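A.B. asks: When you number the sequence shown by numbering that gives the first Met the number 0, it's gap-free, plus one each residue, and the end is 450. Positions of the beta carbon are idealized from the N, C-alpha and C atoms, including for glycine. Fair warning: this is a prediction, and the values are worked out from it, not measured in the lab. This is the structure I have questions about; it appears just below.
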Amino acid sequence: MTSVLASPPEGSGLKAVPGVPGIPYIGNTLQVMRNPFGYARKRYDEYGAVSWGWLLGQRTVTVQGPEAAEVVLVNRDKAFANGPAWSYFIGPFFHRGIMLLDFDEHLHHRRIMQQAFTQARLRTYMDAMAPGIVRGLEAWEPGRGFTVYDHVKQLTLDLAADVFMGVELSRAERGRVNGAFVDAVRAGTAYVRFPVPGLRWHKGLQARKVLEEFFHRHLPAKRRDGGDDLFAALCEAETDDGHRFCDEDVVNHMIFALMAAHDTTTITLTTMAYHLARFPDWQERLREESLALGGPELDHADLDSLTGIDMVMKESLRMVAPVPALPRKVVKDTSILGFHIPEGTTVVVPTLTNHHMAECWPDPERFDPERFGPERREDKVHKYAWAPFGGGAHKCIGLYFAGMQVKAILHQMLLRYRWSVPARYEWPLDTTSLPSPKDGLPVRLDRWENT
Ligand code: HEM
0 MTSVLASPPE GSGLKAVPGV PGIPYIGNTL QVMRNPFGYA RKRYDEYGAV SWGWLLGQRT
60 VTVQGPEAAE VVLVNRDKAF ANGPAWSYFI GPFFHRGIML LDFDEHLHHR RIMQQAFTQA
120 RLRTYMDAMA PGIVRGLEAW EPGRGFTVYD HVKQLTLDLA ADVFMGVELS RAERGRVNGA
180 FVDAVRAGTA YVRFPVPGLR WHKGLQARKV LEEFFHRHLP AKRRDGGDDL FAALCEAETD
240 DGHRFCDEDV VNHMIFALMA AHDTTTITLT TMAYHLARFP DWQERLREES LALGGPELDH
300 ADLDSLTGID MVMKESLRMV APVPALPRKV VKDTSILGFH IPEGTTVVVP TLTNHHMAEC
360 WPDPERFDPE RFGPERREDK VHKYAWAPFG GGAHKCIGLY FAGMQVKAIL HQMLLRYRWS
420 VPARYEWPLD TTSLPSPKDG LPVRLDRWEN T
């Protein structure tokens with residue numbers, strides 16, 4: 000039965016948000032998780048862009064479409080806060096990460112952090128990761144049933160040690176830090192959300208301690224010696240007016256950045272690999288483009304010439320947004336597209352399903368990278384139609400880094416391997432957490448020889 004979220008103040012001219020709450024706390028959570036695309040469509044058809052329901056234990060207003068996404072992400076009257084919204088999911092493991100800070104404090108940290116993502120810094124990161132990419136890919140063993148997702152995840156994790164930490168680690172230490180990091184990320188999607196020894200939440204808290212201890216131990220040397228990695232960059236980062244991060248900040252931001260970078264690039268690469276396996280013509284086209292560069296080493300300047308990879312990356316990010324939804328907590332009464340949104344509400348921008356709206360994207364379920372080509376530019380329909388990196392003050396600070404890393408890895412993959420899936424294969428996408436293939440995306444991997 001339809002019910003409104005809250006009556007708007009008299010005389011405000013605002014409308015009440017409609018919705019079907021369902022069972023308190025549970026509401027439509029299962030439907031949203033199992034079939035986000037079908038559910039979003041149904042809800043949009045019934046209620047339009049702004050509607051509410053219980054989701055993951057909270058009264059949640061879901062705003063669909065680019066216009067509503069813009070209102071929330073641009074956040075002109077500072078009514079939407081990140082910290083309280085994201086903390087609900089990942090707070091204990093990633094507290095004081097920049098995405099969990101708000102308003103003036105967030106801006107202050109963001110200005111300093113920006114110094115670690117300048118063009119010059121990006122170039123050094125790219126150089127630092129090049130040998131690790133080659134080493135990682137060379138170790139892949141061709142054959143049937145090669146699970147792309149698992150291998151890419153391991154590769155990006157190993158690269159993080161070079162490019163993010165820049166610390167020489169013994170095998171055991173690397174395993175311990177990587178393991179702690181994986182546990183911290185997993186804890187965010189725990190069903191039992193309090194510490195029971197042996198379960199995810201508890202492991203996440205333990206992992207946070209391991210990571211804090213690790214970064215604090217290496218911090219004095221990093222401050223002293225510097226380096227070409229993100230850890231050193233955060234230690235050195237300084238705004239024109241002399242603001243820097245204290246030790247606690249560096250550690251908190253490192254732990255958060257590792258998380259923000261890792262699953263997202265893994266999902267992007269896996270989605271690209273999936274579509275390139277299903278559409279071998281595209282795989283061939285991209286390989287030719289990579290071969291045309293004339294040598295395996297990829298220079299920062301070469302990135303712009305990989306236009307095919309760029310289109311495939313954009314289309315893959317459209318079809319599977321690695322961060323499927325952006326939650327916000329309403330910190331003062333506000334409105335979205337003429338609807339009254341009371342303080343205390345959770346608002347969610349569902350990027351994953353927004354990217355499949357037929358209102359913005361012709362034939363949205365079709366893999367069609369040319370839609371991002373210069374003749375069509377379908378993303379121009381609205382500034383927020385394609386928003387895999389979010390928008391506004393919290394827009395992904397690592398988006399150029401991500402593009403660089405994804406393109407550098409795919410370029411090297413194309414020069415070494417050809418991969419395929421059976422003609423009728425469709426991957427089973429798990430959308431209960433960050434989207435990923437339930438089967439790990441098994442492909443037939445063959446060595447590619449330039450004959
Ligand atoms: C394809 C890969 C990536 C995707 C799709 C992605 C997506 C996003 C999105 C949607 C947000 C905004 C969250 C919000 O508004 O609530 C975000 C924020 C952020 N991302 Fe990324 N990200 C990617 C890669 C990276 C990488 C490689 C790094 C670091 C090197 C990174 C670091 C961050 C940070 C630090 C924030 C928080 C920014 C802030 O709050 O000011 N991301 N990312």
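Who are the Cβ neighbours of T155 in its own chain at under 7 angstroms, not counting the five residues just before and after it?
C.D. replies: H261, T264, T265
A.B. asks: With distances taken from CA atoms, which of W51, Q63, I22, V19 is nearest F36?
C.D. replies: Q63
A.B. asks: Taking the alpha-carbon positions, what's the P83 to H274 distance?
C.D. replies: Approximately 36 angstroms, taken between the alpha carbons.
A.B. asks: Can the beta-carbon of Y24 be found less than 8 angstroms from the beta-carbon of W53?
C.D. replies: yes
A.B. asks: Is any heavy atom in the ligand HEM found nearer than 7 angstroms to the beta carbon of G389?
C.D. replies: yes
A.B. asks: Give me whichever residues DSSP pairs with Y416 in a beta bridge.
C.D. replies: Looking at the DSSP assignment, Y416 forms a beta bridge with R446.
A.B. asks: Alpha carbon to alpha carbon, how far is G12 from H201? Give it in angstroms, no decimals.
C.D. replies: For H201 and G12, the distance between alpha carbons rounds to 48 angstroms.
A.B. asks: Alpha carbon to alpha carbon, what distance is there between R317 and W385?
C.D. replies: 7 angstroms
A.B. asks: When you compare the CB positions of P141 and Y416, do they come within less than 8 angstroms of one another, or not?
C.D. replies: yes
A.B. asks: Cβ atoms of D227 and A127: under 8 angstroms apart, would you say?
C.D. replies: yes
A.B. asks: For the alpha helix (DSSP H) that contains P17, what are its first and last residues?
C.D. replies: Element bounds for P17: n/a, residue is neither H nor E.
A.B. asks: The ligand HEM and R365: does any heavy atom of the ligand fall closer than 7 angstroms to the residue's C-beta?
C.D. replies: no
A.B. asks: Which of helix, strand or coil does DSSP assign to S289?
C.D. replies: Residue state for S289 is assigned as helix, using DSSP reduced to three classes.
A.B. asks: My output table needs one value for P279: the three-state DSSP class, helix, strand or coil.
C.D. replies: helix
A.B. asks: Please report the residue range of the alpha helix (DSSP H) in which L316 lies.
C.D. replies: 306 to 318
A.B. asks: Find out if the Cβ-Cβ distance for the pair G390, Y383 is shorter than 8 angstroms.
C.D. replies: yes
A.B. asks: May I have the straight-line CA-CA distance separating D445 from H355, to the nearest angstrom?
C.D. replies: Pairing D445 with H355, the inter-Cα distance amounts to about 33 angstroms.
A.B. asks: Write down the C-beta distance between L121 and M403 rounded to the nearest angstrom, noting that I regard them as a contact closer than 8 angstroms.
C.D. replies: Going by Cβ atoms, the distance from L121 to M403 rounds to 6 angstroms, so yes, they are a contact pair.
A.B. asks: Thinking C-beta only, is M112 closer than 8 angstroms to A259?
C.D. replies: With respect to the 8 angstroms criterion, A259 and M112 are not classified as neighbours on the basis of their beta carbons.
A.B. asks: Assuming F79 and R327 make a contact with CB atoms under 8 angstroms, what is their CB distance in whole Å?
C.D. replies: Distance from F79 to R327 at the Cβ level is roughly 4 angstroms; contact confirmed, criterion being Cβ atoms closer than 8 angstroms.
A.B. asks: Once DSSP output is grouped into helix, strand and coil, what is the label at K328?
C.D. replies: strand
A.B. asks: Assuming L233 contacts H410 under a Cβ cut-off of 8 angstroms, what Cβ separation, rounded to an integer in Å, is found between them?
C.D. replies: Between H410 and L233 the Cβ distance is about 28 angstroms, and since that is not below 8 angstroms, they are no contact.
A.B. asks: Look up S2 in the DSSP assignment and say whether it is helix, strand or coil.
C.D. replies: coil
A.B. asks: Using the Cβ count rule (16 or more neighbours within 10 Å means buried), how would you classify C245?
C.D. replies: Answer is exposed; the Cβ neighbour count stays below 16.
A.B. asks: Using the three-state DSSP reduction, which class does G197 fall into: helix, strand or coil?
C.D. replies: coil
A.B. asks: Determine, for M356, whether the minimum Cβ-Cβ distance to residues of chain B falls below 8 angstroms.
C.D. replies: In the displayed structure, chain B is absent; only one protein chain is listed.
A.B. asks: Apply the 10 Å Cβ neighbour rule to H215 and answer buried if 16 or more other Cβ atoms are within range, or exposed otherwise.
C.D. replies: It is exposed - the Cβ of H215 has fewer than 16 other Cβ atoms within 10 Å.
A.B. asks: Any contact between the segment 143 to 152 and the segment 430 to 450? By contact I mean 3 or more CB pairs, one from each, below 8 angstroms.
C.D. replies: Judged by Cβ distances under 8 angstroms, the segment 143 to 152 makes contact with the segment 430 to 450, as three or more pairs qualify.
A.B. asks: Identify whether I396 lies in helix, strand or coil by the three-state DSSP scheme.
C.D. replies: Coil at I396, not helix or strand.
A.B. asks: Please state the DSSP three-state secondary structure of H339.
C.D. replies: strand
A.B. asks: Using beta-carbon positions only, say whether A15 and P7 come within less than 8 angstroms of one another.
C.D. replies: Yes, the Cβ-Cβ distance between A15 and P7 is below 8 angstroms.
A.B. asks: Under 8 angstroms by Cβ, that's how I've got E369 and M310 pegged, so tell me the actual separation to the nearest angstrom.
C.D. replies: 7 angstroms
A.B. asks: Applying the criterion that 16 or more other CB atoms from any shown protein chain within 10 Å of the CB defines a buried residue, is D44 buried or exposed?
C.D. replies: exposed
A.B. asks: What are the boundary residues of the beta strand (DSSP E) that L54 is part of?
C.D. replies: 49 to 54
A.B. asks: Name the one or two DSSP bridge partners that Q57 has.
C.D. replies: Looking at the DSSP assignment, Q57 forms a beta bridge with L54.
A.B. asks: Take the Cβ of G165 as the centre, count every other Cβ of all protein chains shown within 10 Å, and call the residue buried at 16 or more, exposed below.
C.D. replies: buried
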